[in-house]
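Notes follow once the structure below has been shown.
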Amino acid sequence: MSESTVMALPPRQRFPGLRSMLGWGLLCSGSALWAQGYLPPADVSVVGRDGSIRATAEAALMGLGQAREPGHEVDFKLRVEFRCGDIFNPRTGAYDRVWLRAYSNASDVRQVGSKSDCATWRGPQASSGSTTSAGVATPHSPFAAPWVEIWPGETFRLQLQNRMVSEGGATVDDSCPAVIDDHNSPHCFNSTNMHFHGGWVSPSGNSDNVLLKIDPGKDFEYEYNIPLDHPAGTFWYHTHLHGSTALQVSSGMAGAIVIRGDRQPRKAADGTIGGGDIDILTVNVEPGTGGQPAQLGEPFRERLALFQQIAYACRENQAADGAALPAIKRDGDNGPWVCNAGQGRGAARDVGGVEAYGDQLAPNSWVDSGRFTGINGEVHTVFSDVRAGEIQRWRLIHAGVRDSIRLRIVPFRADAKPLQQGADGVFAKPALGGLAPRDFASQTCDMDHPVAVVSIAADGLTRRNMVQRTDAMLQPGYREDWLVAFPKAGDYCIVDADRLLTQSVVTPEADGSNVVGSESAATLGGQIVGYIHVDAAGQGVETERAAALSATDAPRTTLDAVVDALVAAAEQRINTFALRDGVPVTDTAIRDHVVAALKGEGEGGVRGAIAAFTKHQPVQDAEITGYQSLGFRIVSTGAGGPLGAAAVADGANTRQTPRPAARVLFEVGEIGLDLASQRPIPLHSQAYSADRIDRLLTLGDVEEWEIGSFFAGHPFHIHVNPFEVVEVRKLDAATGQLGPDLSGPDWIFSPDNSAELNQYANLKGVWKDTLFLEQNVFARIRTRYERYIGDFVLHCHILDHEDNGMMQNVRIAMPAGDGQVPDVPTASPATSYRATGARAHRSHH
Ligand SMILES: [Cu+2]
Numbered sequence: 001m002s003e004s005t006v007m008a009l010p011p012r013q014r015f016p017g018l019r020s021m022l023g024w025g026l027l028c029s030g031s032a033l034w035a036q037g038y039l040p041p042a043d044v045s046v047v048g049r050d051g052s053i054r055a056t057a058e059a060a061l062m063g064l065g066q067a068r069e070p071g072h073e074v075d076f077k078l079r080v081e082f083r084c085g086d087i088f089n090p091r092t093g094a095y096d097r098v099w100l101r102a103y104s105n106a107s108d109v110r111q112v113g114s115k116s117d118c119a120t121w122r123g124p125q126a127s128s129g130s131t132t133s134a135g136v137a138t139p140h141s142p143f144a145a146p147w148v149e150i151w152p153g154e155t156f157r158l159q160l161q162n163r164m165v166s167e168g169g170a171t172v173d174d175s176c177p178a179v180i181d182d183h184n185s186p187h188c189f190n191s192t193n194m195h196f197h198g199g200w201v202s203p204s205g206n207s208d209n210v211l212l213k214i215d216p217g218k219d220f221e222y223e224y225n226i227p228l229d230h231p232a233g234t235f236w237y238h239t240h241l242h243g244s245t246a247l248q249v250s251s252g253m254a255g256a257i258v259i260r261g262d263r264q265p266r267k268a269a270d271g272t273i274g275g276g277d278i279d280i281l282t283v284n285v286e287p288g289t290g291g292q293p294a295q296l297g298e299p300f301r302e303r304l305a306l307f308q309q310i311a312y313a314c315r316e317n318q319a320a321d322g323a324a325l326p327a328i329k330r331d332g333d334n335g336p337w338v339c340n341a342g343q344g345r346g347a348a349r350d351v352g353g354v355e356a357y358g359d360q361l362a363p364n365s366w367v368d369s370g371r372f373t374g375i376n377g378e379v380h381t382v383f384s385d386v387r388a389g390e391i392q393r394w395r396l397i398h399a400g401v402r403d404s405i406r407l408r409i410v411p412f413r414a415d416a417k418p419l420q421q422g423a424d425g426v427f428a429k430p431a432l433g434g435l436a437p438r439d440f441a442s443q444t445c446d447m448d449h450p451v452a453v454v455s456i457a458a459d460g461l462t463r464r465n466m467v468q469r470t471d472a473m474l475q476p477g478y479r480e481d482w483l484v485a486f487p488k489a490g491d492y493c494i495v496d497a498d499r500l501l502t503q504s505v506v507t508p509e510a511d512g513s514n515v516v517g518s519e520s521a522a523t524l525g526g527q528i529v530g531y532i533h534v535d536a537a538g539q540g541v542e543t544e545r546a547a548a549l550s551a552t553d554a555p556r557t558t559l560d561a562v563v564d565a566l567v568a569a570a571e572q573r574i575n576t577f578a579l580r581d582g583v584p585v586t587d588t589a590i591r592d593h594v595v596a597a598l599k600g601e602g603e604g605g606v607r608g609a610i611a612a613f614t615k616h617q618p619v620q621d622a623e624i625t626g627y628q629s630l631g632f633r634i635v636s637t638g639a640g641g642p643l644g645a646a647a648v649a650d651g652a653n654t655r656q657t658p659r660p661a662a663r664v665l666f667e668v669g670e671i672g673l674d675l676a677s678q679r680p681i682p683l684h685s686q687a688y689s690a691d692r693i694d695r696l697l698t699l700g701d702v703e704e705w706e707i708g709s710f711f712a713g714h715p716f717h718i719h720v721n722p723f724e725v726v727e728v729r730k731l732d733a734a735t736g737q738l739g740p741d742l743s744g745p746d747w748i749f750s751p752d753n754s755a756e757l758n759q760y761a762n763l764k765g766v767w768k769d770t771l772f773l774e775q776n777v778f779a780r781i782r783t784r785y786e787r788y789i790g791d792f793v794l795h796c797h798i799l800d801h802e803d804n805g806m807m808q809n810v811r812i813a814m815p816a817g818d819g820q821v822p823d824v825p826t827a828s829p830a831t832s833y834r835a836t837g838a839r840a841h842r843s844h845h
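Final position of the sequence shown in full-length UniProt numbering is 845; the numbers increase by one with none missing.
In structure tokens, the structure reads:
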């Protein structure tokens, strides 16, 4: 045995009491402390190990934060069915009735059997209003799926029961023809399947296999084996059947998967320290002295925010001549979508639904709708159970379809009316009172004084360095983990701040016709998406921290406050127990390394460095075995005119709408090089075919990909193996030159437009599974094809683009003895941008 072997912390189960014996924090198997001090997000239900959904107060009793032995199963039955419910409408201050495809706990009793019953249902409205007080769950909107918690080494067994049946109980789906002549036209709205987004699990068989189709009336049992070396972090699950993905996700069919971990950092043979779970540092170790201090030794309290765009619409009774579906009801000719609340004698209550692509899930549809991005199945959720000076971990998941979110937390304006808390402890949701959403936000929220937050993870994977920021640009599929400490008690807005259309998934139209109300053609956003009510600080460290953060003279930064807290945790909780020649000794090398890195005294000198808690090490040049390129584009066939106009017809090729003469195609291909102009051009670009393997990759290879977008912005997402962002550059359309690398640590603001931010800042070296590509942006990413073989997909995470064909089949195959993989029919020989001179092209910069 080498002289300085530092052992990982032995599993607690085999050495009971070891941790407390060595002073590594409080071991507590009793439930009372957990319940008192560590509430899981009060906003969602939780799937426990035995598969039951627990109300959130109960969930606190289930021992969150305690390691479990490998080999356990989280066994859960999830039903997909139409559900009746209510969604808050801030324009009216009332709730709109909806009938949506939704996930629900299979043990729940169905309350409403049909859409017509839903109209008259005296439903859960009274209790669906808030997700707030004291961790007591309210029976809330069903339009967010339960939060699943897993530990590495566990099996997540998920029985999916497809109970999406038509009004009479029939399993026949009239959107699902017996013979599907065009797989890239949305179809089969009542068929479904499941995807474990970001999970490093097998894509085959009963695991994360999105090529399966689960038809109405059928059950299927998924089995996800979470490997022991799976990173801990924030992941999610959602439906992923090509043809109905956007429609179902936009009905709320998405939920969070939180993988927990308590692994100590370890030293690899090459001396690299890594592989720890940041969770062991996100713990309160500094005692308070009374009041309601954070409980010693307990994890920072967590909040989960699953952002959704539920694009429900109510329709007129009669379809116009030639139209398959009646028009969407709206306020005036171009106002927001409306639903009749059915107040007054004889008035029929409208029931909203998500039933079409052409007018409901298209490039301009979300902005056109005037609907509001919701959180955890609700619109304008009020978060409470936050104290000033308390550090909380916020897990953010963009589970929406049709909008980007520039997320920012800002305080209420001094002259704004505070949130009103009812006798039941529930905060009332303010109504807009006739104001446009942007005007309401600017009258309520102090947009110019954002709360600084510290980002510790992107797409569930812990960053190498914590980053303090005020904004996160969340694109569909993205996740962010934040450590948040509010400087003062009071009310705060969660806003979607101003952002440029070009940075967004909303495709601009030249005349601005795809924006309504107070939105301008240049920018979107400026709206409230939720609220936070912050209570006074607890005693001790919380009071001190809040005072330091809110000091008028030289306030402390959030990053400094977080570094202090994590250093204190590291000093208590990083293992210093080692065996040297079989003899227990104290070895502080790893602890000292972690503390120095946090303080900015380690290699690189970056304050807040946490690379010891990352799984993925940077891909070195020498590792690279090959290259791939990928380009997204939207094209119009026939006399469709320029691409900008063509995009208007996006999604119109549904069963509801006669197919236009000029077909819009959503394609993925490679990046070629135009030799004359020396510019990147689309190569071998085509829409999805289920029968074609577009990329044949070899297990064990390490490749660099060049990925870009030739028209509109698209979030690139690939299943199974995440990728490292190496660089991001924008092509100057005028000169054909690539601009500077945008992925460095600098925010780059345009001097004349405050809405412009660089959404790629601080992404260099970050591992992700989804990366938004603005039009003409080209990124280099690197990835290792590790452990898993099988067929899976990559696609644009604007999910109606995916349904329309912006997807490829990928196969990772086992190499034969000669190192080659067996032949399969592939799209084309790979003659890529890189292979034809892209390196030279790049090297000009
Ligand atoms: Cu796209």
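Each residue gets a CB set at the ideal place from its N, CA and C atoms; glycine is no exception.
Fair warning: this is a prediction, and the values are worked out from it, not measured in the lab.
Taking VAL454 as the centre and dropping the five residues before and after it, the same chain places the C-beta of MET466, GLN468, LEU483, THR558, LEU559, VAL562 closer than 6 Å to its C-beta, in chain order.
At least one heavy atom of ligand 1 falls within 7 Å of the beta-carbon of PHE632. Where VAL541 is concerned, the enclosing alpha helix (DSSP H) starts and stops at 541 to 550. Under DSSP, no beta-bridge partner is assigned to HIS797.
CA-CA distance, GLU704 to ALA589, rounds to 34 Å. Within 7 Å of the C-beta of ILE798 there is at least one heavy atom belonging to ligand 1. Out of GLY713, TYR785, PRO815, the CA that lies nearest to the CA of PHE778 is found in GLY713. Here GLU221 is exposed: its Cβ has fewer than 16 other Cβ atoms, across all protein chains shown, within 10 Å. The C-alpha of GLY525 lies about 27 Å from the C-alpha of TRP767.
Here DSSP, grouped into helix, strand and coil, assigns TRP705 to strand.
A Cβ-Cβ separation of about 7 Å places ALA254 in contact with LEU306 under the 8 Å criterion. For ALA399 and GLN539, the gap between their C-alpha atoms comes out near 37 Å. Contact between the region 141 to 159 and the region 375 to 385 is present, with at least three C-beta pairs closer than 8 Å. Linking ARG387 to THR192 through their CA atoms gives a straight-line distance of about 41 Å.
By the Cβ criterion, the region 676 to 688 is not in contact with the region 592 to 610, since fewer than three pairs of Cβ atoms, one from each stretch, lie closer than 8 Å. Under a 10 Å Cβ-count criterion, LEU579 is classified as exposed, with fewer than 16 other Cβ atoms of the shown protein chains found around its own Cβ. Taking the Cβ atoms as the reference, GLY199 lies roughly 6 Å from PHE235, within the contact range of under 8 Å. The residue from THR92, GLY85, SER104 with its alpha-carbon nearest to that of ARG79 is SER104. For ligand 1, no non-hydrogen atom lies closer than 7 Å to the CB of HIS183.
Comparing C-alpha distances from SER166 to each of SER636, LEU100, HIS717 shows the shortest one belongs to LEU100. One alpha carbon belongs to ARG787, the other to VAL720, and they sit about 10 Å apart. Judged by DSSP secondary structure, TRP200 falls outside any beta strand (DSSP E); it is assigned neither H nor E.
Scanning GLY322, GLU724, ALA320, ALA313 for the CA closest to the CA of LYS329 turns up ALA313.
One thing to note: ALA119 has its Cβ within 8 Å of the Cβ of VAL351. Bridge partners of ASP803 according to DSSP: none are assigned.
Per DSSP, HIS398 is not a residue of any alpha helix (DSSP H); the beta strand (DSSP E) it occupies stretches across 391 to 398. Here PRO231 is buried. Its C-beta has 16 or more other C-beta atoms within 10 Å. DSSP lists GLN161 as the bridge partner or partners of ASP219.
Ranking ASN776, ILE693, HIS801 by CA distance to the CA of LEU211 puts ILE693 first. Ranked by how close their Cα comes to the Cα of GLU390, the residues ILE634, GLY744, ALA546 have ALA546 in first place. Just so you know, the alpha carbons of GLU774 and SER709 end up roughly 7 Å apart. Here the region 411 to 426 makes no contact with the region 569 to 579; the two share fewer than three CB pairs at distances below 8 Å. Using a Cβ-Cβ distance cut-off of 8 Å, the region 437 to 448 and the region 403 to 412 are in contact, since at least three pairs of beta carbons, one from each stretch, lie closer than that value. Counting along the chain, CYS493 sits inside the beta strand (DSSP E) bounded by residues 490 to 496. Taken from the Cβ of HIS240, every heavy atom of ligand 1 lies 7 Å or farther away. Annotation for GLU727: the continuous beta strand (DSSP E) segment containing it runs 723 to 730.
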